[in-house]
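Asker: FYI, the numbering for the sequence shown is 65 to 255, going by my numbering.
For reference, the structure I am asking about is given below.
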Amino acid sequence: MAYAPKDYTKLIGMEGFSQTLLNNHFTLYQGYVTNTNKLMDSLSAMLKDGKTTAPEYAELKRRFGWEFNGMRLHEYYFENLGGKGAMDKAGALAKKLAQAFGSYEAWEQDFKAAGAMRGIGWVILYQDDASGNLCNTWINEHDTGHLAGCRPVLIMDVFEHAFMIDYGLKRADYITAFFKNINWKAAEGRL
Ligand SMILES: [Fe+2]
Numbered sequence: 065m066a067y068a069p070k071d072y073t074k075l076i077g078m079e080g081f082s083q084t085l086l087n088n089h090f091t092l093y094q095g096y097v098t099n100t101n102k103l104m105d106s107l108s109a110m111l112k113d114g115k116t117t118a119p120e121y122a123e124l125k126r127r128f129g130w131e132f133n134g135m136r137l138h139e140y141y142f143e144n145l146g147g148k149g150a151m152d153k154a155g156a157l158a159k160k161l162a163q164a165f166g167s168y169e170a171w172e173q174d175f176k177a178a179g180a181m182r183g184i185g186w187v188i189l190y191q192d193d194a195s196g197n198l199c200n201t202w203i204n205e206h207d208t209g210h211l212a213g214c215r216p217v218l219i220m221d222v223f224e225h226a227f228m229i230d231y232g233l234k235r236a237d238y239i240t241a242f243f244k245n246i247n248w249k250a251a252e253g254r255l
């Protein structure tokens, strides 16, 4: 079954995100959806044709995580944006964050610090399904560093395409804008 790109144009108009930046980001996301579908088709054709020992098969298999996660992580990211209000400090997510980090403020400091690290990738607040614990994780590119069995709760894109058009090298300013637009209800709903 082929994946269809989702429409996130409702995010246009968010404070701190230009239309140009968002449109570029949507186009990039759509490319990951296209490539995920292409890879699934190619791999399935190679399986049917008995070509699974070919080096091309192995390389496409390896690449699948890159394209699939490039698609899915952008969906999580766009879906946890577009919020207007502050986090409900009496809600389930606030309580879990305080449990895991000592306070909401300590969590925010750690999440932002991970986002400010040199390198391209993602910051993910994960919930471990086995223990219920929350932790902030750096994901290099799309496909390296994910925690097995953990559920993404809040995702921030820190690839340069996510901010350079609007902020140049000022990544901290982008992170501030990201925080102003978090859809906390969407994040809390993932717990
Ligand atoms: Fe991105």
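Positions of the beta carbon are idealized from the N, C-alpha and C atoms, including for glycine.
Indicate, with yes or no, if ligand 1 has a heavy atom lying under 6 Å from the CB of ASP221.
Answerer: Checking the Cβ of ASP221 against ligand 1 gives yes.
Asker: Could you tell me whether any non-hydrogen atom of ligand 1 is closer than 6 Å to the CB of ALA241?
Answerer: The answer is no for ALA241.
Asker: Mapping DSSP to helix, strand and coil, what is LEU211?
Answerer: Of the three classes helix, strand and coil, the one that applies to LEU211 here is coil, per DSSP.
Asker: In angstroms, rounded to a whole number, what distance separates the CA positions of TRP202 and MET78?
Answerer: About 25 Å.
Asker: Rounded to whole angstroms, what's the CA-CA distance from GLY196 to PHE175? Just pull it up for me.
Answerer: Approximately 18 Å between the Cα atoms of the pair.
Asker: Look at the alpha carbon of ALA158 and the alpha carbon of MET228, and state the distance between them as a whole number of angstroms.
Answerer: So the alpha carbons of these two residues sit roughly 31 Å apart.
Asker: Among THR116, MET104, PHE142, GLU143, which residue has its Cα nearest to the Cα of ARG127?
Answerer: Per the Cα distances, MET104.
Asker: Rounding to the nearest angstrom, what Cα-Cα distance links LYS186 and THR116 in this structure?
Answerer: Just to set this straight, residue 186 is Trp in the shown sequence, not Lys. Each residue's alpha carbon lies about 32 Å from the other.
Asker: Can you grab the Cα-Cα spacing for the pair GLU224 / ALA251, in whole Å?
Answerer: The straight-line gap from Cα to Cα measures roughly 23 Å.
Asker: Let me confirm a value: PRO119 is counted as buried when at least 16 other C-beta atoms fall within 10 Å, else exposed. Which label applies?
Answerer: That one is exposed.
Asker: So, helix, strand or coil for TYR190, using DSSP?
Answerer: Residue state, collapsed to three classes: strand.
Asker: Between which residues of its own chain and ALA66 is the CB-CB distance below 7 Å, once the five residues before and five after are set aside?
Answerer: Taken in chain order, the residues that qualify are ASN101.
Asker: Starting from LEU86, trace the alpha helix (DSSP H) both ways and give me its first and last residue.
Answerer: Unbroken alpha helix (DSSP H) run through LEU86: 83-112.
Asker: Just how far apart, CA to CA, sit PHE243 and MET110?
Answerer: C-alpha separation (whole angstroms): 44 Å.
Asker: Leaving out five residues on either side along the sequence, give the residues of the same chain with a beta carbon under 8 Å from the beta carbon of GLY147.
Answerer: ASN245, ILE246, ASN247, TRP248, LYS249, ALA250, listed in sequence order.
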